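Working notes for the structure below.
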Amino acid sequence: MRKIFSLMLIFLMLVASMVPVLGSGYRESALVYLTEKYGVPEERIALHEGGTIDLEFTAESFWFAKYDIVLEGKKAPGFPGEEAPRILPAPEPMPLPAPDMPADTGATRPAILPIPPRDIMDDGYLYGGVYIRLKTGEILELDQMDKYYEAERSLAQQEWERLQREAGKLDVSLYQKLQGLSASEIISVWIRPMPLETETLRAEFAALQKKYPELSKGMTLPGILSDTYGYALPDPGESSTSSGNGVSDKMIMEPAVKAEVSDEKLVGSSPMDRPDTDMPDEEYRQEFQVFWEELEQIRLLSVASSLAEIRAFLEGMGVSYRDNVTSISADLSVEQIRDIAELSSVASVFEEYYTTMEDAIMFRGSAPNEKTVALAEAAEVENKRIYLPVILLFTAVLALFMWLYYPKFRNKIQQ
C-alpha cells in the first residue's frame, strides 16, 4: 500500500509540473527566436504570454505572446536595465511685470502644425506578437497567421450558411438554442412580419419619389420594405444609424442647402467663429421629417395584413403578445415557435433582446452574442489550465507532509 501511495504522489507531482514546463519551453523558444531576429540581448525583451489560441474548424492551436523590445541605441524609461527618468527642475517664475507680447492675430500662425521629429514621438520600443504552432513547433509572427485565420473564417462561414439553410426563418442563434430545449420550454421571441409588395404600394412609392426626387435618390421599394434599421434624421457625410425601423445608412443624403463660406472667413479665425457647414438647415430637417413619415406609412401598409394574421394565430393559441408597431414579441414555447415560423406571413423569428447580424440587418438586443460567449468560455478554460497544476501540486505536498509527520494518517492509509 505504501508503494502505491508513493507512486500516486510521484504521478501527481509530475502532472502538476507538466504544464508549466511546456509553457516555459515555448517561452524559451520565442526568446531565442526574437534575440536572433532583432540582434538584441534577452534582457532587452519583455515577453507577455497570452496563453493558447484554439481554432475550432481547422483544429489548429497556437501558443501566443506579445513582446516589447528596446533596440540597441534606444532607451525606454522603466524598462529593465535602463536608467529611471530624471525629474526635471521646476520652471522659474516669470519676472513681474510681464513682458509686452505682440497680439496673436493668426496671420503668421501656420494652418497645420509641423510634425515633430520621429525621435521625439518614438518611445524606444518595438512591439509585436509571436506565435508557436503546437502541431509542428513552427514560430510565426502576426502577418504569417493570416492564412490560418482566413482558413478558419472560410470554414466558419460555410458552417454558418449550412445552419442558415437548416434554420429556415429562425435566427441561427435561436435555432441552435432550441436544439437543446424541450418542446414546453418558454422563450421570449421577436417576430418580423413578411412585407407584401402590392400595386397600391408601388403607385404610392412612385408618387413619393416624384415628390421628393433628391431625398429618394437610390431608393427602391423592395429595399425599403426589407430594411429594418436606420435613423430618424440623416447625418450628412457620416454613416450613422440609430435604433428603430427605417432606411439604411447607404441612403443618407447631403443637405439641400449648405452655407456659402469664403476663404477669407476661414483664415486666422477661431473654429467657434466659423459657420457650421456640416449640419443640415431647419428647412431640410422639416422636409426630411415629412418625407420620412410618408415613407413609414408605406412600410406600415406593407406589413399590415401579415401582422393581422400573426395576431390572429397567437390569439388562437391563447398567447398574449406585445405589439411593436412593425413587429410582434411574445413568450412562446419551443413547439409554438416552430409552428409560427411555418406561417407565410412571418419573415423571421429572433430571440428577443438579442443582438445579431444576419443578411446585413442589425437587430436590437442586449444579450451577449456567440462570439462573446465563446471568448468567455475560452477564458474560463484558460483559467482552469492555470490553476489546476497549482492545486494538484499543493494537494501532493500536503499529502506528503501528513504522511511523514502524522502517524495516525499513515496508519489509516496502510489499513
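Using the working numbering, you'd call the opening residue of the sequence shown number 809 and step up by one each time.
Glycine included, every Cβ here is placed at the ideal spot set by N, Cα and C.
Owing to the predicted nature of the structure, the values given are computational and were not obtained by experimental measurement.
Run of the alpha helix (DSSP H) containing residue i, from where it starts to where it stops
i               : result
glycine 1124    : 1090 to 1124
arginine 970    : 954 to 975
methionine 1018 : Reading the sequence as shown, one finds lysine at residue 1018 and not methionine. 1007 to 1019 is the span of the alpha helix (DSSP H), which, as asked, contains lysine 1018.
serine 1034     : 1029 to 1034
According to DSSP, residues forming a beta bridge with residue i
i               : result
valine 997      : Ala1138 and Glu1159
serine 869      : Asp862
isoleucine 947  : Ile940
isoleucine 1130 : At residue 1130 the sequence reads arginine, which differs from the isoleucine that was named. BP columns for arginine 1130 point to Ser1137.
isoleucine 1145 : In DSSP, isoleucine 1145 forms no bridge with anything.
leucine 855     : Tyr875
leucine 978     : Val1157
leucine 934     : Ile877
Spatial neighbours of residue i in its chain, beta-carbon cut-off 6 Å, leaving aside the 5 residues before and after
i                 : result
phenylalanine 865 : Glu960, Leu963 and Ala964
aspartate 1130    : Checking the sequence shown, residue 1130 turns out to be arginine, not aspartate. Excluding residues within five positions, the ones whose Cβ falls inside 6 Å are Ser1137.
glycine 936       : Tyr875
leucine 1012      : One point to set straight first is that residue 1012 is glutamate, not leucine, in the sequence displayed. So the qualifying residues of the chain are Ile1106.
isoleucine 1032   : none
leucine 948       : Tyr939
glutamate 857     : Ala873
leucine 986       : Val1142
isoleucine 861    : Phe870 and Phe872
tyrosine 841      : Ile947
Buried or exposed by the 16-neighbour rule on C-beta atoms within 10 Å, applied to residue i
i               : result
valine 1098     : exposed
serine 1128     : exposed
arginine 970    : exposed
proline 849     : exposed
alanine 1204    : buried
serine 1050     : Low confidence applies to serine 1050: its pLDDT is 33, below 50, so where it sits in the model is not reliable, and the reading given next is rough at best. It counts as exposed.
serine 992      : exposed
lysine 1018     : exposed
serine 1152     : exposed
glutamine 1144  : buried
leucine 1014    : It should be pointed out that residue 1014 corresponds to alanine in this sequence rather than to leucine. Its Cβ having fewer than 16 others within 10 Å, alanine 1014 is exposed.
arginine 973    : exposed
leucine 950     : exposed
methionine 1002 : buried
alanine 975     : buried
alanine 838     : buried
glutamate 1160  : buried
valine 997      : buried
valine 1111     : buried
valine 1278     : Past the boundaries of the shown model lies residue 1278; the chain is included only from 809 to 1223, so the question cannot be answered.
Presumed contact (8 Å Cβ cut-off) between residue i and residue j, rounded CB distance
i            : j               : result
tyrosine 933 : aspartate 876   : 5 Å
valine 938   : alanine 873     : 6 Å
leucine 1122 : isoleucine 995  : Wrong, their Cβ atoms sit about 14 Å apart, outside the cutoff.
leucine 982  : valine 1157     : 7 Å
valine 1142  : isoleucine 1118 : Going by Cβ atoms, the distance from valine 1142 to isoleucine 1118 rounds to 18 Å, so no, they are not a contact pair.
lysine 977   : alanine 1116    : Incorrect: roughly 18 Å between the Cβ atoms, too far for contact.
serine 1135  : arginine 1000   : 5 Å
Spatial neighbours of residue i in its chain, beta-carbon cut-off 7 Å, leaving aside the 5 residues before and after
i               : result
leucine 1109    : Leu1009
leucine 942     : Ser869, Phe870 and Trp871
methionine 1165 : Its pLDDT being 46, under 50, methionine 1165 is placed unreliably by the model, and nothing is read from it.
serine 1070     : Confidence is the limiting factor: at serine 1070 the pLDDT is only 48, short of 50, which leaves the residue's position unreliable, though a coordinate-based value still follows. Here the set comprises nothing.
leucine 1206    : none
glutamate 1226  : Any property of residue 1226 remains undetermined from this structure, which presents the chain solely from 809 to 1223.
tryptophan 968  : Val980
tyrosine 1020   : Phe1099
Own chain, CB closer than 8 Å to residue i, minus 5 neighbours either side, in chain order
i              : result
proline 1030   : Glu1005
methionine 953 : Phe870 and Tyr939
threonine 843  : Pro849, Glu850 and Ile853
leucine 1016   : Ser1024, Phe1099, Glu1102, Leu1103 and Ile1106
Residue i Cβ short of 6 Å to the ligand ZN heavy atom set
i              : result
glutamate 1091 : Among the components of this structure there are no ligands whatsoever, and the ligand ZN is therefore not found.
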